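In our numbering, the protein residues as written are 1 to 333. Heads up, the thing below is written out as structure tokens.
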Ligand SMILES: NC(=O)c1ccc[n+]([C@@H]2O[C@H](COP(=O)([O-])OP(=O)(O)OC[C@H]3O[C@@H](n4cnc5c(N)ncnc54)[C@H](OP(=O)(O)O)[C@@H]3O)[C@@H](O)[C@H]2O)c1
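Structure representation (structure tokens):
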């Protein structure tokens, strides 16, 4: 099969198009013919070597964390899927590789593709949808009437998270630049702040939840818009000790992780608010809930651009430039 492969770690290093044997299928996995693959900053960060400590991948490696496609085979333990099913997934860490013609995906991480979505639209959903779900539902249990700040509302995570938070009945504030105001308002944002001309810290007070996806300075400011007992969830770091435990990191990585977040955790404690880091995980059951919301019309995909398979490196560069409005997808079949 054809696949885009990372041969050596390196900043902005091009992935190489290669001909590889079809991947071996494990007993609990479903073989998916990839029709479309979503592109995520995580792909760029792994390629650059930024995740070597916590995700020690052996090279060569096929990148790609989002798939929509068709089931073409299944291991003997698989019960819920059969050939011909249209599915989508965020494959598990250490089993990634959607920039390829085929990928084995654990049954427990797969879900039926929402009816009415194209393959490209479906491939844009899993990683960002699960991130928003795990941040706003699993970690913070966001409730009707609460206030949430979702940073970078025009990005991949933001466009999904705004819609999910509105569906949950929350009041949503978001940051973006003026060119994206109409987009985030169309998704339901109630308060829109232009991060280029305004400081959200001066405008927002007494928030229940902040979803941080930006730099360290923004993280610090986020602490000050929360009310007592509020929760700051960061998906852009720093990782916390809980995360070190979850990934069963070796002792020295656990120590680094503890030190990296000690400052923000201490300041959060001083203000009476919570801090936690989220590194999203694959989940077929949460993806099924997401399918339900999409089919009910509560959430729609926001696609910026689709690239042909041959232009996978260009798709990564486009995402890396940081101006995407919603998601970027590679069309494979
Ligand atoms: N931990 C996890 O599990 C996890 C999961 C998913 C993503 N992430 C991380 O979360 C971050 C966001 O991911 P993403 O996929 O949503 O990114 P993305 O789609 O690339 O974000 C692009 C958007 O961000 C906006 N933006 C850029 N700088 C901004 C700023 N300072 N304030 C507000 N908006 C800004 C841009 O709007 P303008 O063009 O108007 O500037 C653009 O629309 C990344 O660091 C990613 O690695 C982590």
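Virtual Cβ for every residue (Gly too), placed ideally from N, Cα, C. No experiment lies behind these values; they were computed from the predicted model shown.
Limits of the unbroken beta strand (DSSP E) element including residue i
i, result
"residue 193", "191-194"
"residue 318", "Here residue 318 belongs to no beta strand (DSSP E); instead the alpha helix (DSSP H) covers 312-320."
"residue 308", "303-308"
"residue 111", "110-112"
"residue 68", "67-74"
"residue 202", "That residue, residue 202, is in no beta strand (DSSP E); its alpha helix (DSSP H) goes 200-203."
"residue 233", "226-234"
"residue 331", "327-331"
"residue 106", "102-106"
Residue closest to residue i, alpha-carbon to alpha-carbon, out of the options
i, options, result
"residue 127", "326, 332, 333 and 331", "326"
"residue 130", "289, 300, 244 and 173", "289"
"residue 37", "264, 321 and 303", "303"
"residue 334", "6, 89, 196 and 4", "The question about residue 334 has no answer, for the chain in this structure spans 1 to 333."
"residue 93", "43, 81, 168 and 73", "43"
"residue 95", "1, 272, 219 and 23", "23"
"residue 63", "2, 78 and 269", "2"
"residue 112", "77, 104 and 70", "70"
"residue 331", "195, 33 and 150", "33"
"residue 301", "311, 117 and 149", "117"
"residue 269", "12, 223 and 104", "223"
"residue 82", "110, 220 and 135", "110"
"residue 140", "48, 79, 275 and 193", "275"
"residue 216", "97, 262 and 108", "262"
"residue 55", "12, 321, 246 and 267", "246"
"residue 297", "193, 167, 77 and 12", "167"
"residue 271", "240, 231, 243 and 254", "231"
Spatial distance of residue i from residue j (CA atoms)
i, j, result
"residue 188", "residue 180", "13 Å"
"residue 259", "residue 324", "33 Å"
"residue 249", "residue 182", "43 Å"
"residue 280", "residue 229", "23 Å"
"residue 91", "residue 65", "6 Å"
"residue 172", "residue 316", "29 Å"
"residue 51", "residue 45", "7 Å"
"residue 99", "residue 61", "10 Å"
"residue 177", "residue 84", "43 Å"
"residue 145", "residue 10", "46 Å"
"residue 386", "residue 308", "In this structure the chain extends from 1 to 333, so residue 386 is not present and cannot be described."
"residue 106", "residue 29", "4 Å"
"residue 319", "residue 227", "34 Å"
"residue 175", "residue 251", "37 Å"
"residue 158", "residue 17", "31 Å"
"residue 191", "residue 133", "21 Å"
"residue 333", "residue 114", "18 Å"
"residue 74", "residue 284", "16 Å"
"residue 234", "residue 211", "6 Å"
"residue 15", "residue 4", "6 Å"
"residue 286", "residue 293", "11 Å"
"residue 136", "residue 161", "8 Å"
"residue 121", "residue 103", "19 Å"
Assumed close pair residue i, residue j - CB separation to whole angstroms, cut-off 8 Å
i, j, result
"residue 156", "residue 313", "That pair is no contact at about 19 Å."
"residue 8", "residue 59", "6 Å"
"residue 209", "residue 238", "Wrong, their Cβ atoms sit about 18 Å apart, outside the cutoff."
"residue 329", "residue 123", "5 Å"
"residue 170", "residue 203", "Not a contact, Cβ separation roughly 17 Å."
Residue i: first and last residue of the uninterrupted alpha helix (DSSP H) it sits in
i, result
"residue 130", "126-133"
"residue 268", "262-271"
"residue 24", "Counting along the chain, residue 24 falls outside any alpha helix (DSSP H), and DSSP gives it neither H nor E."
"residue 122", "119-123"
"residue 281", "Where residue 281 is concerned, there is no enclosing alpha helix (DSSP H), given that its DSSP letter is neither H nor E."
"residue 242", "241-246"
"residue 181", "181-186"
"residue 46", "41-48"
Neighbour flag for residue i against chain B, beta carbons, 8 Å
i, result
"residue 267", "Going by chain labels, chain B is absent from the structure shown, which holds only one protein chain."
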